[in-house]
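The opening position of the sequence shown corresponds to residue 40 in the numbering used here, with each subsequent residue numbered one higher.
Beta carbons are placed, not taken as given, at the ideal position from N, Cα and C, and that holds for glycine.
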Amino acid sequence: MNILETPSIQETISRIFMNETENVAQLEGLERFFEVETQLMHEIHNLEKDRAKETLRELIDMLALHAGKDIIRTVRNYYIILSSVMARKLYEMRVPPKKAFAFNAACVELVDKHMNDSEFMYVADELIEFFTSIISERKQPSFGHQTVNKVVIFINDEVERDLSVEEIAKHFNISTSHLSRIFREHAGITLVEYLNVRRVEESQYYLRHSNKGISEISKQFHFCNQSYFTRIFKKYTTVTPKQFRDSQHIPYFRYTLPNAK
40 MNILETPSIQ
50 ETISRIFMNE
60 TENVAQLEGL
70 ERFFEVETQL
80 MHEIHNLEKD
90 RAKETLRELI
100 DMLALHAGKD
110 IIRTVRNYYI
120 ILSSVMARKL
130 YEMRVPPKKA
140 FAFNAACVEL
150 VDKHMNDSEF
160 MYVADELIEF
170 FTSIISERKQ
180 PSFGHQTVNK
190 VVIFINDEVE
200 RDLSVEEIAK
210 HFNISTSHLS
220 RIFREHAGIT
230 LVEYLNVRRV
240 EESQYYLRHS
250 NKGISEISKQ
260 FHFCNQSYFT
270 RIFKKYTTVT
280 PKQFRDSQHI
290 PYFRYTLPNA
300 K
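If you want it as structure tokens, here you go:
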């Protein structure tokens, strides 16, 4: 074919669009797909994790009816689209842009790493786990002290920084002793404990979905050494970082602040 006769990208897209329009016209219940997807977003936003997993399975079943033998590629593409939609929603919830962007990149990496015939349903569950975890970080805390609420959100946003009680106190222009006292009084644990809890929670995704060594992840979350990271990780999860990495069946550790309403 002469290069001048090569269809433009716009022409190619238009042709595909018209073909797909004819194909989907033969399908019934398309409105239901978007209704179920809206339901999924509602469940994720309200941290209804188990319901969201079931709803995503329902969406995958609908996609399978249209995809036929091409189901893996179709579902893979949908996972990536869903991740991008969630990243936009996080940004709208005032998640820092760098974290929303990193969230999307992490989801894509998860899909690329595990998307095959035997694991695509596992990927669905992992995405829901990840979505609800990040959303929960943005839920406005409801402690009786506004500074404590702001500190919790600040730590959630900056968990990979080498934060200290002194630095956080300086950021909020209060003394370290006052900050430590009000945090423990209203949150139910010490500020140092909460920093460790959040670092352990976040480190789980890197253990399970990255090729980084445990020592490297320990440094990334500013534990003084790998032994201390292992001790703190096991304290909260009951397993070592290596055991968590080696078994996909070990559930994610999630911490609820004792005095959270």
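Beta-carbon proximity list for residue i, same chain, < 7 Å, skipping 5 on both sides
{"i": "L79", "result": "A91, T94, L95 and L98"}
{"i": "H184", "result": "I221 and H225"}
{"i": "T269", "result": "T279 and P280"}
{"i": "S123", "result": "N143"}
Alpha-carbon spacing of residue i relative to residue j, whole angstroms
{"i": "M132", "j": "D151", "result": "27 Å"}
{"i": "S257", "j": "K137", "result": "21 Å"}
{"i": "E255", "j": "A226", "result": "30 Å"}
{"i": "D285", "j": "K88", "result": "24 Å"}
{"i": "V187", "j": "N143", "result": "29 Å"}
{"i": "N195", "j": "S53", "result": "44 Å"}
{"i": "T77", "j": "K251", "result": "36 Å"}
{"i": "T171", "j": "Y245", "result": "17 Å"}
{"i": "A106", "j": "M154", "result": "16 Å"}
{"i": "S216", "j": "E205", "result": "9 Å"}
{"i": "S203", "j": "I213", "result": "14 Å"}
{"i": "I289", "j": "E165", "result": "12 Å"}
{"i": "Y267", "j": "I48", "result": "55 Å"}
{"i": "N116", "j": "K209", "result": "45 Å"}
{"i": "Q179", "j": "I173", "result": "13 Å"}
Nearest-angstrom beta carbon gap, residue j and residue i [assumed within contact, 8 Å]
{"i": "L296", "j": "I228", "result": "7 Å"}
{"i": "S219", "j": "L234", "result": "Not a contact, Cβ separation roughly 12 Å."}
{"i": "I253", "j": "Q243", "result": "At roughly 12 Å, the Cβ-Cβ gap does not stay under 8 Å, so I253 and Q243 are not in contact."}
{"i": "E148", "j": "H248", "result": "7 Å"}
{"i": "V162", "j": "Y118", "result": "6 Å"}
Distance CB(residue i)-CB(residue j) smaller than 8 Å
{"i": "E199", "j": "F260", "result": "yes"}
{"i": "L121", "j": "S175", "result": "no"}
{"i": "V114", "j": "F169", "result": "no"}
{"i": "A139", "j": "Y130", "result": "yes"}
{"i": "F262", "j": "I271", "result": "yes"}
{"i": "V239", "j": "R177", "result": "no"}
Cβ neighbours of residue i in the same chain (closer than 6 Å, five flanking residues each side left out)
{"i": "V110", "result": "This sequence places Ile at residue 110; Val is not what is there. Taken in chain order, the residues that qualify are A103."}
{"i": "T276", "result": "F292"}
{"i": "K273", "result": "T279"}
{"i": "R127", "result": "none"}
{"i": "F182", "result": "N188 and H225"}
{"i": "M125", "result": "F170"}
Cβ shell of residue i (< 8 Å), same chain only, five flanking positions each side left out
{"i": "Y190", "result": "The question names Tyr, but residue 190 is Val in the sequence shown. Only I207, F211, L218, F222 and L230 meet the Cβ criterion."}
{"i": "V236", "result": "I228, Y275 and Y294"}
{"i": "R71", "result": "M101"}
{"i": "D156", "result": "I111"}
{"i": "R241", "result": "It is Glu, not Arg, that sits at residue 241 in the sequence shown. Counting only Cβ-Cβ distances below 8 Å, and skipping sequence neighbours, we find V198, E199 and F260."}
{"i": "I167", "result": "I83, K88, A91, K92 and L95"}
{"i": "A145", "result": "F169, Y244 and H248"}
{"i": "Q287", "result": "Y161 and R247"}
{"i": "D201", "result": "H261"}
Residue i CB to nearest heavy atom of the ligand NAP below 7 Å
{"i": "N212", "result": "Judged by which ligands are present, the structure shown has none, so any question about the ligand NAP falls away."}
Counting only runs of 4+ residues fully inside the region 229-274, write out the alpha helix (DSSP H) ranges in chain order.
-> 230-248 and 253-259
What are the uninterrupted segments assigned as alpha helix (DSSP H) that are 4 or more residues long and contained completely in the region 108-175, given in chain order?
-> 110-131 and 136-153
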